[in-house]
Amino acid sequence: MPASSFGESSAHIRRRRVAHYLRTESGAAVLLVIVTVVALVWANSPLSNAYFELWHLDVGFNFGPLRLHMDLHHWVNDGLMVVFFFLIGLEVRQEFAHGSLRDRSRARLALIAGVTGVVLPALVYVLIVKLAGSEGLHGWGAVVGTDTAFMLGTLAIVGPRLSGQLRVFLLTLTVVDDFLAVSIIGIVYSEEIRIVPLLIALASLVGLWLLGRTRQWRATPYVLIVIVLWFATVYSGIHASLAGMAAGLLIPAYATQRHKVVAARQLFRDFWQSPSAASAHAVDRGLSRGISVNERLHEFLRLPAALLIVPVFALANAGVDLRGGLLAEAFGSPVNWGVISGLVLGKLLGIGLITLAAVRLGLGRLPVGVGMGSVFGGAALSGIGFTVSLLIIGLAFGTTSDLGRQATVGVLVSMVLATLLGWLIFKVAALKWGEETADLPMVLEPPVDPEVDHIRGPEDAQLTLVEYVDFECAYCAHATGSWDDLRAHFGDDLRYVVRQLPHHPHGPIAARASEAASNQGMFWPWLDFVFTRQHALEREDLIGYAAELGLDIDRFIADLDSPAVIERVERDLVSAVASGAHVTPTFFIEGRRLLGSYDARTLTAVLEASRRGPRTQEVPS
Numbered sequence: 002m003p004a005s006s007f008g009e010s011s012a013h014i015r016r017r018r019v020a021h022y023l024r025t026e027s028g029a030a031v032l033l034v035i036v037t038v039v040a041l042v043w044a045n046s047p048l049s050n051a052y053f054e055l056w057h058l059d060v061g062f063n064f065g066p067l068r069l070h071m072d073l074h075h076w077v078n079d080g081l082m083v084v085f086f087f088l089i090g091l092e093v094r095q096e097f098a099h100g101s102l103r104d105r106s107r108a109r110l111a112l113i114a115g116v117t118g119v120v121l122p123a124l125v126y127v128l129i130v131k132l133a134g135s136e137g138l139h140g141w142g143a144v145v146g147t148d149t150a151f152m153l154g155t156l157a158i159v160g161p162r163l164s165g166q167l168r169v170f171l172l173t174l175t176v177v178d179d180f181l182a183v184s185i186i187g188i189v190y191s192e193e194i195r196i197v198p199l200l201i202a203l204a205s206l207v208g209l210w211l212l213g214r215t216r217q218w219r220a221t222p223y224v225l226i227v228i229v230l231w232f233a234t235v236y237s238g239i240h241a242s243l244a245g246m247a248a249g250l251l252i253p254a255y256a257t258q259r260h261k262v263v264a265a266r267q268l269f270r271d272f273w274q275s276p277s278a279a280s281a282h283a284v285d286r287g288l289s290r291g292i293s294v295n296e297r298l299h300e301f302l303r304l305p306a307a308l309l310i311v312p313v314f315a316l317a318n319a320g321v322d323l324r325g326g327l328l329a330e331a332f333g334s335p336v337n338w339g340v341i342s343g344l345v346l347g348k349l350l351g352i353g354l355i356t357l358a359a360v361r362l363g364l365g366r367l368p369v370g371v372g373m374g375s376v377f378g379g380a381a382l383s384g385i386g387f388t389v390s391l392l393i394i395g396l397a398f399g400t401t402s403d404l405g406r407q408a409t410v411g412v413l414v415s416m417v418l419a420t421l422l423g424w425l426i427f428k429v430a431a432l433k434w435g436e437e438t439a440d441l442p443m444v445l446e447p448p449v450d451p452e453v454d455h456i457r458g459p460e461d462a463q464l465t466l467v468e469y470v471d472f473e474c475a476y477c478a479h480a481t482g483s484w485d486d487l488r489a490h491f492g493d494d495l496r497y498v499v500r501q502l503p504h505h506p507h508g509p510i511a512a513r514a515s516e517a518a519s520n521q522g523m524f525w526p527w528l529d530f531v532f533t534r535q536h537a538l539e540r541e542d543l544i545g546y547a548a549e550l551g552l553d554i555d556r557f558i559a560d561l562d563s564p565a566v567i568e569r570v571e572r573d574l575v576s577a578v579a580s581g582a583h584v585t586p587t588f589f590i591e592g593r594r595l596l597g598s599y600d601a602r603t604l605t606a607v608l609e610a611s612r613r614g615p616r617t618q619e620v621p622s
């Protein structure tokens, strides 16, 4: 191959790797740091006038009686950032619909820690500023919020090697945190209220609610109403961030239903057999119907928010002219120390200590795999206020005032201190308390045992795929259907193992029924048969299926409730807990839990890659 071609190929690979890294949370955090540094350098360079003049540039339009003019800085803070808070609102709605906030115990713990993580930093700020007899009390809101994206990105860099469960806990916590922070912005830092635009804004919220109630699946009506809502809010005098959050909360989120997936599959099959523009459009509509409008909008906005909106906000707000003795002035300012103390110490104590107390008092429980050391490390990282803090500073003091610049220095210093403190706590937690991870276990426990486990394929196959299933889980039915594709690819090199993890209402009795069928050598025919009849899993239905498969009915009924069968299902449940499987389907490839997608193509790629790795541990003979 010519050198030039090799060079072009290498450059392309490097660009692809960079693009992939920027899509991760740690990559987005690094990008934000780079943009912040650029803003600081630009604001303190010979071109600093150009920097400040850029953000004061008037931008607007006149459309008949509708007139809207703001400087570029306000367009960023009151326009672009609304998208950011809208995204937060979408995430909150998802958490309540089918996320961590559905678990009352975890939701209660997140609520307690989130509230104290807002109240205590504000009290610390007020105490320091008031004791110093300084002006600037109005800026207490600068310490209440957490930059969720920046914090999670930093967690990925300085946190435990595996931090999935801690991430879920912190995300749930910051959902409460951000909701309160945005409410404070809307209530405390809004301008004079104008009634007519406010009424239009309220009517827009009602419209969003009605669309959600009628299960409108198209995204366009929601987007149009949100645009009207934004205009009305801007004219009303209420800060638009509150409108963004409220709008996101009203966009419906729900788990995908099996019949919609089946319908979409049929539409794609029609397109496959007879490709046309009409059938392609039908497939697109079918796929959209299968996924909630909340998730579709979240997926559409997630990367633009992380890679464009928040970096542009940082560029517009982080540029502080440090010349002229500002640093010395800032470190002598109670406002600066109020911000630093509130964000770094207030967040650490407000979240960490209260979480510890709440858990000890039985008021809530932490996710499995998360220790208190990791909680305190995450609490320290919550002191990264950045986005919300800078926004409130601009509203409270203005970004160019002395107090505004001093407070901005405090926010930037807090970012560094919170990161270092979090890193130190994570290191101590790993060394002192063995908290090397903050996630569910990753290794299959116990290893595959041919004497006990249900195995499809050769028992001595080179590769092993283990799946934890629930017979009422629609996703399991689809995922298990990948076996035919995998078998066609790997042949006798692959063995497929199924373990029980019943958690749906009919899951336990369906699991026992499969074991009763297994006692007659019919586990796999039973699995294939019942996965096509998930809509009917009552006791009478299962006995009917046994008759259709030609099983000994008397023996089947006797085994259905036998201690041996119950113990067999319980064995798999204990195994699931020990292995970190808490949802279905969960896959293990060569004894390691698979993270991410589990479609046939992904499974094939991971299995192929595992040929070079260690094999699944076997039970000693």
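When the letters of the sequence shown are read in order and numbered with my numbering, they come out as residues 2 to 622.
Note that CB positions come from ideal geometry on N, CA and C, so glycine has one too.
Counting along the chain, the unbroken beta strand (DSSP E) around residue 62 starts and ends at 59 to 64. Between residue 115 and residue 174, the CB-CB gap stays under 7 Å. The beta carbon of residue 306 is closer than 8 Å to those of 84, 85, 88 and 150 in its chain, skipping five residues each way along the sequence. Considering only 179, 357 and 604, the residue with the shortest C-alpha distance to residue 388 is 179.
If you check the CB distance, residue 355 and residue 383 do not come in under 7 Å.
DSSP places residue 401 outside both helix and strand once states are collapsed to three, so it counts as coil. Shown here, residue 585 sits in coil according to DSSP, grouped into three states, outside any helix or strand. DSSP, read as helix, strand or coil, puts residue 310 in helix. In terms of Cβ geometry, residue 309 and residue 78 do not form a close pair [threshold 7 Å]. Counting along the chain, residue 95 sits inside the alpha helix (DSSP H) bounded by residues 82 to 99.
Assignment of residue 443 by DSSP, reduced to helix, strand and coil, places it in the coil class. The C-beta of residue 13 has fewer than 16 other C-beta atoms within 10 Å across all chains shown, which makes the residue exposed. Contact annotation: residue 331 and residue 407 have beta-carbon atoms nearer than 7 Å. Distances from the alpha-carbon of residue 390 to those of 429, 183 and 105 put 183 closest.
Note on residue 361: under 16 other CB atoms within 10 angstroms of its CB, so exposed under the neighbour-count rule. Under the 8 Å Cβ criterion, the stretch 542 to 558 counts as touching the stretch 511 to 521, having at least three qualifying pairs. In the structure shown, residue 152 adopts helical secondary structure according to DSSP, grouped into three states. Scanning 433, 405, 394 and 320 for the CA closest to the CA of residue 374 turns up 433. Of the candidates 377, 501, 339 and 190, 501 places its Cα closest to the Cα of residue 578.
DSSP places residue 501 in the uninterrupted beta strand (DSSP E) bounded by 495 to 501. Shown here, residue 505 sits in coil according to DSSP, grouped into three states, outside any helix or strand.
Put simply, of 567, 302 and 491 the residue whose alpha carbon is nearest the alpha carbon of residue 612 is 491.
Judged by pairs of C-beta atoms under 8 Å, the stretch 226 to 244 does not touch the stretch 270 to 286, as fewer than three such pairs exist.
Per DSSP, the unbroken alpha helix (DSSP H) holding residue 230 starts and ends at 221 to 237. Counting C-beta pairs with one atom in each stretch, the stretch 504 to 515 and the stretch 531 to 546 have three or more that are closer than 8 Å, which means they touch.
Counting every other CB atom within 10 Å of its CB across the protein chains shown gives residue 210 a total below 16, marking it as exposed. For the alpha helix (DSSP H) assignment, the uninterrupted runs of no fewer than 4 residues enclosed by the stretch 559 to 614 are, from N- to C-terminal side, 564 to 580 and 601 to 611.
Non-local beta-carbon contacts of residue 171 in its own chain, meaning distances under 6 Å to residues more than five positions away in sequence, involve 379 in chain order. Burial of residue 318 is indicated by the presence of at least 16 other C-beta atoms within 10 angstroms of its C-beta. Sorting 253, 480, 40 and 200 by C-alpha distance to the C-alpha of residue 234 places 200 at the top. Close CB contacts of residue 98 within its chain, under the 7 Å cut and outside five residues either way in sequence, are with 254 and 255 (chain order). The C-alpha of residue 313 is placed about 11 Å away from the C-alpha of residue 32.
By the C-beta density criterion, residue 193 is exposed, having fewer than 16 other C-beta atoms within 10 angstroms. In the structure shown, the three-state DSSP call for residue 555 is helix. Contact annotation, residue 601 with residue 486: C-beta distance approximately 4 Å; criterion of less than 8 Å satisfied. The count of Cβ pairs closer than 8 Å, one atom from the stretch 408 to 415 and one from the stretch 557 to 575, stays below three, leaving the stretches out of contact.
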